[in-house]
Amino acid sequence: MILRNNMKKIFIYVLVITFISLGVIAIDGIYDNIYTIKLINTENEKMVGDLSEKDINEYEGKIKNELRNELNQKLLKNKKNIKNSYYALGKIESLKKNYKQSNYYLIKSIGYMENKNSEVDFKIYRNLSFNAIRTNDIKQFKKYFKEAKKIATKSNLTDELSNFYYSLARMNLRYKGSMCDSIDLMKKAVKLESTDKTKMAEYNFLASLYRSNGQFSLSLTYVMEGWKIAYENKDYENMCKAIINLGENYYVQENYKKAAYLYESILKDDKFKMNDKNLSVIGYLMESYFKLNENEKAEKLKAKYEEIANKLEPTEKNKELIWLYMVYSNVKLNQDNLKVSKEYLDKAKKLYDENSLNAYPNSDLYLKKLEIGNNYKGDSNITYSQTLESYNELLNEIKKRGIKSDIYITVLKDIISLTEEHNDYKNIIKYNKVLDEYENKSENAESTDTIFFDLQAKMYKESQKSQNLKLLFSIILLALISILALIVAIKNSKINRLNKDLEEISIKDPLTDVYNKRHFYNVLEKFSEEQKHITFIMIDIDYFKAFNDNYGHLKGDEVLIKVSKILESTFSEDYVFRYGGEEFAIVSEGNLKETLLSISILRDKLYKANIKHEFSEASDRVTLSIGIKCGKIASKEDVEQIITDADERLYKSKTNGRNRYTCF
């Protein structure tokens with residue numbers, strides 16, 4: 001009896017000790033995996049990219065210890081903990097860009113999966129997919145992508161799957177540069193149910209993709225969708241992104257004043273005091289100021305941008321500095337300051353070579369554009385033909401990536417300027433046609449400009465309705481409403497009237513309101529088809545550079561406007577064009593006698609206008625040098641010849657003292 005009781009006690013003691021041991025093991029397992037769980041949570045909150053190198057190394061050491069402890073357990077190995085630790089180590093190795101080692105850990109973690117239905121299981125295959133893209137292993141990517149998608153669908157991880165498509169679209173743009181593939185991925189992402197935060201990020205990114213693809217109406221539609229969700233959630237960060245997107249549409253369409261107006265509004269509003277977003281705004285505003293020749297303001301913002309960028313962690317810092325150096329190199333190239341342009345180009349190239357995978361998408365294309373421009377202007381051994389060939393190769397690469405605005409247009413305009421400089425009229429006409437075709441297809445400016453006029457008209461009325469809304473919010477909300485209204489209008493009976501207005505805008509010079517150079521070639525082409533006899537006049541404002549250098553660009557713009565008004569009033573029955581810079585051109589169907597009478601009236605009007613120019617060597621006021629050529633045009637060769645002859649006569653007027661005309 002006593003023995004039986006003792007045996008019972010011993011059994012109870014053993015049972016208690018066993019349970020205590022198991023409890024200790026379980027608690028120890030929880031404790032041991034604290035860094036694994038912490039890293040996974042950090043990733044869930046999208047903060048893993050903020051970890052410093054020191055943080056990553058600390059996590060790696062701690063998680064390896066946790067994994068070692070789990071693997072050394074002789075009783076009740078916790079497969080979930082082991083799987084999570086292997087996954088966490090795989091994530092760390094991918095952050096360190098050790099993709100082979102990352103794959104090793106991630107594949108090891110697959111061996112500890114049970115039902116393939118957890119969020120971590122999805123992430124394992126998702127990260128294997130990312131690594132396959134980074135190493136350009138298409139076969140493995142397809143395999144892992146299919147598995148990740150299957151787990152997400154089975155486990156109803158719609159937000160995670162939507163984020164997956166979004167991340168793939170960004171990576172595709174970075175590693176493959178394919179705009180169309182990225183758009184297709186984002187279309188899949190936005191169809192899925194996801195959180196408002198995910199949707200806002202996706203709408204803003206899709207808006208930027210459509211803008212780069214030249215589809216401005218679709219771009220603005222998604223700007224509006226992102227804004228609406230952000231506004232409802234009082235999410236000022238994403239409201240700011242939507243406003244930046246709207247400003248970028250203005251910028252790409254060369255409405256720099258309107259872009260600057262929006263960016264200035266953001267910086268003035270206390271709700272948008274977010275350092276990383278303000279960096280974007282500062283950058284875009286700086287570019288707008290440079291385009292508007294407000295160089296002092298732009299230089300201050302450049303210094304501010306550099307100061308903020310240098311305080312960021314290394315990856316972000318280098319990405320921002322590459323962009324800044326490229327922009328500044330381009331500005332100085334346009335100002336013919338080749339020394340500074342080359343200095344900043346070299347800085348950008350050095351940083352890009354060291355950080356190409358972390359740079360903004362298509363940075364390599366911008367660097368190539370800058371390199372071509374610097375080589376052409378700075379190296380006398382580089383010929384016109386070589387430069388044109390280099391630009392064409394770059395243009396083909398841009399088109400191959402599906403980019404149809406921004407750098408595509410910039411390079412196209414660089415080519416047109418180059419061909420004009422060398423009087424290569426055949427290529428001038430060719431590339432102007434390409435530009436025309438692009439603008440006819442791309443819906444360029446058909447929404448944003450109309451929106452701006454609509455919102456200006458309604459601004460006061462809207463501010464009276466809601467005194468609590470700041471002016472900026474009224475402006476953007478009205479803009480987005482106007483976008484929607486315009487998109488509807490494009491699809492109804494008003495399309496013809498709208499297109500007529502847009503056509504008028506597309507053929508006018510925005511500063512002087514006379515016809516632009518693109519329309520100049522259209523008119524000459526039309527006249528050559530009709531085999532017309534024309535008088536062609538080329539006009540140059542004398543010593544205009546000296547005027548700009550001494551009186552400033554704003555005064556220079558005033559002179560261009562005044563001269564264009566005098567030209568229009570004198571040649572009211574003819575076509576008046578701004579040919580470029582301070583040059584104008586006139587196409588008339590009148591004969592030489594009538595033209596010379598008009599030239600006499602023009603010179604008299606300009607003299608009486610008395611536009612002071614004390615830095616001119618030809619007079620005390622603004623004067624013109626003129627070249628005139630009459631003839632019949634019936635072919636492209638005739639067009640090229642009449643332009644060449646008028647240009648040569650303009651040159652004679654200049655070399656013979658300026659302030660005169662030459663017609664023979």
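Position 443 of the sequence shown, counted from 1, bears residue number 443 in full-length UniProt numbering, the numbering being contiguous throughout.
Cβ coordinates follow ideal geometry from the N, Cα and C atoms, glycine included.
In this text the structure is predicted, and so the values were computed from the model without any measurement.
Assigned exposure category for Thr383 - 16 Cβ within 10 Å defines buried
Position 383 of the sequence shown, counting from 1, holds the residue named residue 383. Exposed, by the Cβ-count rule.
Roughly how many whole angstroms lie between the Cα atoms of Ser102 and Gly111?
Residue mapping note: residue 102 aligns to position 102 of the sequence shown, counting from 1. Residue mapping note: residue 111 aligns to position 111 of the sequence shown, counting from 1. So the alpha carbons of these two residues sit roughly 15 Å apart.
Start and end of the beta strand (DSSP E) containing His519?
In the sequence shown, residue 519 corresponds to position 519, counting from 1. Counting along the chain, His519 sits inside no beta strand (DSSP E); it lies in the alpha helix (DSSP H) bounded by residues Lys517 to Glu529.
For Ser588, which of helix, strand or coil comes out of DSSP?
Stepping through the sequence shown from its first residue, residue 588 is reached at position 588. Strand.
Within the same chain, show all residues whose beta-carbon is closer than 7 Å to that of Ile599, passing over the 5 residues directly before and after it, in chain order.
The residue you call residue 599 lines up with position 599 of the sequence shown. Only Ile626 and Tyr661 meet the Cβ criterion.
Please report the straight-line C-alpha distance between Leu128 and Leu67, rounded to a whole angstrom.
Stepping through the sequence shown from its first residue, residue 128 is reached at position 128. Stepping through the sequence shown from its first residue, residue 67 is reached at position 67. Computed Cα separation, rounded: 20 Å.
Would you list, in sequence order, the uninterrupted alpha helix (DSSP H) runs of no fewer than 4 residues that lie entirely inside the region 305-342?
Entirely contained in the region 305-342, the alpha helix (DSSP H) runs reaching 4 residues are, in chain order, 314-334.
Alpha carbon of Lys62 to alpha carbon of Leu185, nearest angstrom:
In the sequence shown, counting from the first residue as 1, residue 62 sits at position 62. In the sequence shown, counting from the first residue as 1, residue 185 sits at position 185. Cα-Cα distance, rounded: 37 Å.
Less than 8 Å between the CB atoms is what I'm expecting for Ser564 and Thr512, so what's the real figure, rounded?
Taking the first residue of the sequence shown as position 1, residue 564 is located at position 564. Taking the first residue of the sequence shown as position 1, residue 512 is located at position 512. About 4 Å; that satisfies the 8 Å criterion.
So for Met538, helix, strand or coil by DSSP?
Residue 538 sits at position 538 when you count from the first residue of the sequence shown. Looking at Met538 - three-state DSSP - the assignment turns out to be strand.
What's the C-alpha gap between Glu296 and Glu287?
Indexing the sequence shown from 1 puts residue 296 at position 296. Indexing the sequence shown from 1 puts residue 287 at position 287. Glu296 and Glu287 have their C-alpha atoms spaced approximately 12 Å apart.
Suppose contacts are defined by Cβ-Cβ distances below 8 Å. Is Leu567 in contact with Leu602 by that definition?
For this step, residue 567 is matched to residue 567 along the sequence shown. For this step, residue 602 is matched to residue 602 along the sequence shown. Yes, these two residues count as a Cβ contact at 8 Å.
Would you list, in sequence order, the uninterrupted alpha helix (DSSP H) runs of no fewer than 4 residues that lie entirely inside the UniProt domain "GGDEF" (532-664)?
Those alpha helix (DSSP H) runs which fall completely within the UniProt domain "GGDEF" (532-664) and span 4+ residues are 544-551, 553-570, 592-609 and 636-655.
Using C-beta distances below 6 Å, list every residue in its chain close to Arg174, excluding the 5 sequence neighbours before and after it, in chain order.
Counted from its first residue, the sequence shown places residue 174 at position 174. If we look at Arg174 and ignore the five residues flanking it on each side, its Cβ neighbours are Pro361.
Thr36, buried or exposed, once every other Cβ within 10 Å from all chains shown has been counted against 16
If you number the sequence shown from 1, residue 36 lands on position 36. Buried, because 16 or more other Cβ atoms sit within 10 Å of the Cβ of Thr36.
If you draw a straight line from the alpha carbon of Ile372 to that of Tyr366, how long is it in whole angstroms?
Sequence index remark: in the sequence shown, residue 372 carries index 372 (1-based). Sequence index remark: in the sequence shown, residue 366 carries index 366 (1-based). Cα to Cα, Ile372 sits roughly 10 Å from Tyr366.
Output the residue ranges of the alpha helix (DSSP H) runs that lie fully inside the region 156-235 and measure 4 residues or longer, sorted by chain position.
For the region 156-235, whole alpha helix (DSSP H) runs of length 4 or above, ordered along the chain, are 158-175, 179-191, 196-212 and 216-232.
Taking the alpha-carbon of Asp604 as reference, which of Lys430, Ser572 and Thr623 has the nearest alpha-carbon?
Indexing the sequence shown from 1 puts residue 604 at position 604. With distances taken between Cα atoms, Asp604 lies closest to Thr623.
Kindly list the residues whose CB is nearer than 6 Å to the CB of Val223, restricted to its own chain and excluding five residues on each side of it in sequence; keep chain order.
Locating residue 223 in the sequence shown gives position 223, counting from the first residue. Excluding sequence neighbours, Val223 sits near Ala207, Ala242, Asn245 and Leu246.
I think residue 673 touches Cys180, with their Cβ atoms under 8 Å apart; what is that distance to the nearest whole Å?
Look at the range of the chain in this structure, 1 to 664, and you will see that residue 673 is not part of it.
Rounded to whole angstroms, what is the Cα-Cα separation between Ser162 and Arg211?
Locating residue 162 in the sequence shown gives position 162, counting from the first residue. Locating residue 211 in the sequence shown gives position 211, counting from the first residue. When rounded, the distance between both Cα atoms is 21 Å.
Under the three-state DSSP convention, the category Lys508 falls into
Position 508 of the sequence shown, counted from the start, is the residue given in the question as residue 508. Three-state DSSP puts Lys508 in a strand.
I'd like to know whether the C-beta atoms of Lys629 and Phe520 end up nearer to each other than 8 Å.
Numbered from its first residue, the sequence shown carries residue 629 at position 629. Numbered from its first residue, the sequence shown carries residue 520 at position 520. Result no, Cβ atoms of Lys629 and Phe520 do not sit closer than 8 Å.
In or out: Thr198 buried (at least 16 other Cβ within 10 Å) or exposed?
Translated into positions along the sequence shown, residue 198 becomes position 198. By the 10 Å Cβ count, Thr198 comes out buried.
Going by the C-beta, is Lys377 closer than 7 Å to any heavy atom of the ligand ZN?
In the structure shown, the ligand ZN is absent, as is every other ligand, since no ligand is present at all.
Which value, in whole angstroms, describes the spacing of the CA atoms of Lys400 and Arg518?
In the sequence shown, the residue the question calls residue 400 occupies position 400. In the sequence shown, the residue the question calls residue 518 occupies position 518. About 25 Å.
Where do the N-terminal and C-terminal ends of the alpha helix (DSSP H) with Tyr86 fall, by residue?
Numbered from 1 along the sequence shown, position 86 holds the residue referred to as residue 86. Where Tyr86 is concerned, the enclosing alpha helix (DSSP H) stretches over Lys79 to Leu95.
When Asn330, Asn334, Gln335 and Asp336 are compared against Lys347, the one with the closest alpha-carbon:
Against the sequence shown, residue 347 aligns to sequence position 347. Nearest neighbour of Lys347 by Cα position, chosen from Asn330, Asn334, Gln335 and Asp336, turns out to be Asn330.
I think Val416 touches Ile428, with their Cβ atoms under 8 Å apart; what is that distance to the nearest whole Å?
Numbered from its first residue, the sequence shown carries residue 416 at position 416. Numbered from its first residue, the sequence shown carries residue 428 at position 428. According to the sequence shown, residue 416 is Ile rather than Val. Yes, they are in contact, since the Cβ atoms of Ile416 and Ile428 sit about 7 Å apart, within 8 Å.
Here's the rule I'm using: 16 or more other beta-carbon atoms within 10 Å means buried, otherwise exposed. How should Gly214 be labelled?
Along the sequence shown, one-based indexing puts residue 214 at 214. By the 10 Å Cβ count, Gly214 comes out buried.
Burial state of Phe615 (16 or more Cβ within 10 Å)
Locating residue 615 in the sequence shown gives position 615, where the first residue counts as 1. With fewer than 16 Cβ atoms within 10 Å of its Cβ, Phe615 is classed as exposed.
Between the beta-carbon of His553 and the beta-carbon of Lys632, is there less than 8 Å?
As a first step, residue 553 is located in the sequence shown; it is residue number 553 there, counting from the start. As a first step, residue 632 is located in the sequence shown; it is residue number 632 there, counting from the start. No; because the gap between Cβ atoms is not below 8 Å, this pair is not in contact.
For the alpha helix (DSSP H) that contains Arg401, what are its first and last residues?
Indexing the sequence shown from 1 puts residue 401 at position 401. Element bounds for Arg401: n/a, residue is neither H nor E.
CA-to-CA distance, Lys257 to Glu354, given in whole angstroms
Residue mapping note: residue 354 aligns to position 354 of the sequence shown, counting from 1. Residue mapping note: residue 257 aligns to position 257 of the sequence shown, counting from 1. Taking the straight line joining both Cα atoms gives about 36 Å.
Between the C-alpha atoms of Lys508 and Ile40, what's the straight-line distance to the nearest angstrom?
Here the question's residue 508 lines up with position 508 in the sequence shown. Here the question's residue 40 lines up with position 40 in the sequence shown. Cα to Cα, Lys508 sits roughly 57 Å from Ile40.
Rounded straight-line distance, which links the Cα of Asn136 to that of Ile322:
Start at 1 with the first residue of the sequence shown, and residue 322 comes out as number 322. Start at 1 with the first residue of the sequence shown, and residue 136 comes out as number 136. Whole-angstrom Cα-Cα distance: 24 Å.
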